[in-house]
Amino acid sequence: MPTYARQPVTFTHGEGAWLFDAEGKRYLDAVSGVAVCSLGHAHPAVRKALCDQAGRLIHSSNLYRIALQEELAARLCRLSGMDNAFFCNSGAEANEAAIKIARRYGQHRGIAEPKIIVMEGSFHGRTLATLSATGNPKVQEGFAPLVGGFLRQPYGDFEALAAMDDPEVVAILVEPVQGEGGVRLPAPSYLGQLKALCEQRRWLLMLDEVQTGMGRSGRMFAHQHAGITPDVMSLAKALGNGVPIGACLARGIAAEMLTPGKHGSTFGGNPLACAAALAVIDTLELEALPERAAQLGCRLAEGFRTRLANLPGVRQVRGLGLLIGIELDRPCGEIVGIALEQGLLVNVTADKTVRLLPPLILTDAEADELIYRLGAIIEAYLSSAR
Ligand SMILES: *Cc1c(COP(=O)(O)O)cnc(C)c1O
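Numbering follows the numbering used here, with no gaps: position 283 of the sequence shown is 338.
Next up, the structure:
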């Protein structure tokens with residue numbers, strides 16, 4: 056179905072931060088399959104884990120115990136301070152699990168029609184519940200009736216939240232950084248304030264770390280920058296480095312809401328996907344990639360600020376780790392095609408923001424090449440479109 060406005064290129068293989076098309080042309084990849092291939096392409100650890108596991112057992116179903124799933128849950132919980140995990144196959148499904156946890160928590164508190172606070176500019180997925188939670192009218196248009204029970208608030212505005220006094224609210228669902236929404240960062244104090252408010256009001260703090268999780272932000276999870284632990288956290292994108300896997304982690308009372316029969320997934324957490332995710336975590340730790348993402352993020356952000364300084368069309372360079380946005384003063388979707396032509400993969404989101412999501416294994420030289428090449432493209436674009 057024509058659901059995507061695709062670029063006219065297909066890649067045959069990749070290596071590290073590079074992709075190759077059928078003509079042998081190579082592309083520096085600053086998209087990583089939309090924040091998925093954080094270890095780059097054809098990483099030997101992922102390849103080995105997948106090949107070995109495919110030769111042993113790909114799937115057995117959740118009718119039985121799955122040792123690799125239990126191991127992955129334990130690893131993720133140890134890293135995040137959460138108590139347990141539910142596995143699925145995508146970010147939207149991970150958020151569906153979070154939403155179901157919040158609904159059950161509402162019932163548990165005797166609230167018949169519990170409500171979840173969600174943010175303007177947010178993105179939580181394309182299923183009916185998650186597109187209803189999403190704060191972008193374009194995503195919702197034409198899909199009425201939307202799923203109810205979501206209350207929308209301005210992102211990053213703690214005072215507006217604190218002023219709410221709806222007794223049916225049971226949870227907040229929020230991204231630590233809004234990726235699809237244009238790489239929007241709240242004040243550093245925001246998550247801590249949300250955490251305190253949630254404790255005071257007995258709301259669940261549910262963080263959508265589908266894009267920010269697994270090292271991209273410069274910490275394993277973006278909320279660790281704020282020194283807090285959420286009640287619920289959704290993960291997906293980089294968790295399997297390209298093998299579809301999502302996870303919803305929970306702690307405390309939230310971890311007790313989904314009991315036998317209350318949720319499920321045929322493929323969720325199967326041995327193949329879990330083997331990939333375990334290899335991803337091993338590699339993130341072994342190669343200290345979250346720390347590397349923090350370093351590279353500074354190098355890129357500072358490099359772009361210097362390169363683009365004094366260009367009047369550049370509004371702001373911002374980001375957290377390797378989730379970087381360059382906001383221009385005009386729509387800039389055309390930059391994607393111009394860069395592609397020149398062998399460079401970048402993304403544009405929220406109409407005016409060039410979004411960079413390079414792999415965490417990028418070298419310093421590749422980072423500098425990205426600054427040099429994209430800097431020239433943005434400069435030329437701004438002068439031509441003026
Ligand atoms: C990509 C994304 C999703 C949706 O994930 P899918 O795997 O496409 O369902 C949800 N939330 C955030 C923050 C995302 O970036």
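Backbone N, C-alpha and C fix where the C-beta goes; we use that ideal spot for every residue, glycine too. Just so you know, these numbers come straight off a predicted model, no measurement behind them.
| What do you reckon, are the CB atoms on A90 and Q233 nearer than 8 Å? | By 1-based counting over the sequence shown, the position of residue 90 is 35. By 1-based counting over the sequence shown, the position of residue 233 is 178. Their beta carbons are not under 8 Å apart, which means A90 does not touch Q233 by this criterion.
| request: Can you tell me which of the three DSSP states H96 falls into? | output: Reading the sequence shown from its first residue, position 41 is the one you call residue 96. Looking at H96 - three-state DSSP - the assignment turns out to be strand.
| field | Where the beta strand (DSSP E) containing Q266 begins and where it ends | value | Residue numbering aside, residue 266 sits at position 211 when the sequence shown is read from its first letter. Neither: Q266 is in no beta strand (DSSP E) and is coded neither H nor E.
| What are the boundary residues of the alpha helix (DSSP H) that includes Y436? | Indexing the sequence shown from 1 puts residue 436 at position 381. Note, Y436: alpha helix (DSSP H), 419-439.
| From D384 to V225, what does the alpha carbon distance come to, in whole angstroms? | For the purposes of this step, residue 384 is taken as residue 329 along the sequence shown, with counting starting at 1. For the purposes of this step, residue 225 is taken as residue 170 along the sequence shown, with counting starting at 1. So the alpha carbons of these two residues sit roughly 38 Å apart.
| task | Report all residues from its chain with a CB closer than 6 Å to the CB of M288; omit the five preceding and five following residues, and keep chain order. | result | To locate residue 288, count along the sequence shown from 1; it is residue 233. Excluding residues within five positions, the ones whose Cβ falls inside 6 Å are L262, E264, L304.
| request: Identify whether T338 lies in helix, strand or coil by the three-state DSSP scheme. | output: Here residue 338 refers to the residue found at position 283 of the sequence shown. Note: T338 maps to helix in three-state DSSP.
| message | By the DSSP assignment, the alpha helix (DSSP H) with Y160 in it spans what residues? | response | By 1-based counting over the sequence shown, the position of residue 160 is 105. Run containing Y160: 146-163, per the alpha helix (DSSP H) assignment.
| task | Tell me whether T189 is buried or exposed, calling it buried when 16 or more other Cβ atoms sit within 10 Å of its Cβ. | result | Position 134 of the sequence shown holds residue 189. Classification for T189: buried.
| said: Quick check: K292 and R159, are their CB atoms within less than 8 Å of each other? | reply: Here the question's residue 292 lines up with position 237 in the sequence shown. Here the question's residue 159 lines up with position 104 in the sequence shown. Not a contact, by the Cβ cut-off of 8 Å.
| field | Euclidean distance between Cα positions of Y210 and L290 | value | In the sequence shown, the residue the question calls residue 210 occupies position 155. In the sequence shown, the residue the question calls residue 290 occupies position 235. Each residue's Cα considered, the two are about 20 Å apart.
| request: Can you give me the start and stop residues for the beta strand (DSSP E) that C143 sits inside? | output: To locate residue 143, count along the sequence shown from 1; it is residue 88. It spans 139-143 - the beta strand (DSSP E) in which C143 sits, taken as one unbroken run.
| Is L112 near L415, with beta carbons less than 8 Å apart? | The count along the sequence shown starts at 1 and reaches residue 112 at position 57. The count along the sequence shown starts at 1 and reaches residue 415 at position 360. For L112 and L415, no; Cβs fall outside 8 Å.
| Is the Cβ-Cβ distance between G204 and I172 less than 8 Å? | Locating residue 204 in the sequence shown gives position 149, where the first residue counts as 1. Locating residue 172 in the sequence shown gives position 117, where the first residue counts as 1. No, the Cβ-Cβ distance between G204 and I172 is not below 8 Å.
| Looking at S453 and ligand 1, is the gap between the Cβ and the nearest heavy atom below 7 Å? | The requested residue 453 does not occur in the structure, where the chain is confined to residues 56 to 441.
| field | Option in A348, D286, S320 with minimal Cα separation from G136 | value | Counting from 1 along the sequence shown, the entry for residue 136 is found at position 81. If we check each option's Cα against that of G136, D286 comes out closest.
| said: Any heavy atom of ligand 1 inside 7 Å of the beta-carbon of F142? | reply: One-based indexing of the sequence shown puts residue 142 at position 87. Outside the cutoff, so no.
| message | Quick check: does the Cβ of E230 come within less than 7 Å of any heavy atom belonging to ligand 2? | response | Absent from the structure shown: ligand 2. Ligands present: ligand 1.
| request: Return the chain-ordered ranges of every beta strand (DSSP E) run that is complete within the stretch 223-248 and spans a minimum of 3 residues. | output: 224-229
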